[in-house]
Amino acid sequence: MRKTFAPAAVAALLALTPFAVQAADIDPSKAAAGTYMEDPLHTSLTARISHGGGLSTYQYRFEKVYITYPYDPAKPAATVVTAKIDPRSISTGYEKHATDKDFNAELYGERFLNSVKFPSIDFKSTGIAFNGNKGKMTGEVTFFGVTKPITLDVTYYGSAVAGGKNKMGFSAVGVLKRSDFGFSAMVGPLGDDVTFMIESELVKQ
């Protein structure tokens with residue numbers, strides 16, 4: 022005979038799981054002060070680029086993204102956010118469909134991302150302006166040894182206590198023109214503009 026749980030028992034079990042969290046509060050003054058860093062289990066960076074001269078849009082991700090966010094709720098806009106991306110962590114999923122080569126290694130190799138010479142892609146914010154829980158973050162990206170300004174569309178999902186830890190949630194979307202940085206391999210068959218999306222839960226250290 023199939024067993025069932027009483028509603029009270031189910032509620033008690035859920036309360037004990039590490040996934041039980043309070044509702045996120047989008048009031049930035051409610052977030053705890055401190056230095057926050059990425060939760061790698063809940064952080065992703067995906068990117069998209071035109072492929073085949075516009076025939077499709079190819080999507081990939083970077084598995085290693087490191088974010089530091091010093092936060093003062095009394096001055097939520099007065100902070101400097103830094104991020105570092107490891108180009109060797111690029112993941113295309115190519116190996117799930119073909120085994121003729123290591124496509125990830127080809128992309129982080131000398132012809133494309135040249136990760137030996139340029140081992141990281143770096144971001145440093147220069148300003149933040151919010152209207153409610155949405156806003157703009159200006160900053161500088163250093164890629165291929167070249168630094169250029171960039172503006173990100175940012176959404177603040179709020180703060181909460183999860184698993185006994187203070188967390189904040191954000192997303193950011195931006196576009197960069199790779200040839201501006203001297204990365205012009207196969208521009209034409211591949212797009213020049215790269216759209217990237219960061220989703221992250223940040224944990225107070």
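Throughout, the numbering used here is defined as the position within the sequence shown, counted from one, plus 21. Heads up, the beta-carbon is just placed ideally off N, CA and C, and yes, glycines get one too.
{"Query": "Uninterrupted beta strand (DSSP E) stretches inside the region 160-192 (no shorter than 3 residues)", "Result": "167-183"}
{"Query": "One or two residues paired with Lys145 in a DSSP bridge", "Result": "Thr103, Glu161"}
{"Query": "Within 8 Å, strictly: CB atoms of Thr67 and Arg82", "Result": "yes"}
{"Query": "Local Cβ density within 10 Å of Pro108, reported as buried at 16 or more and exposed below that", "Result": "buried"}
{"Query": "Within 8 Å, strictly: CB atoms of Arg69 and Tyr57", "Result": "no"}
{"Query": "Chain-order list of residues whose beta-carbon lies under 6 Å from that of Glu220 (same chain, five-residue window excluded)", "Result": "Ser65, Ser192"}
{"Query": "Three-state secondary structure assigned by DSSP to Phe217", "Result": "strand"}
{"Query": "Selection from Asp143, Lys85, Thr89, Lys198 that minimises the alpha carbon distance to Ser11", "Result": "A question about residue 11 goes unanswered here, because the residues of the chain that appear run from 22 up to 226."}
{"Query": "Minimum length 4: unbroken alpha helix (DSSP H) runs contained in the region 90-137", "Result": "124-129"}
{"Query": "Buried or exposed (CB count within 10 angstroms, at least 16 for buried), Ser136", "Result": "buried"}
{"Query": "Cβ-based burial, Ala183 [other Cβ within 10 Å; buried from 16]", "Result": "buried"}
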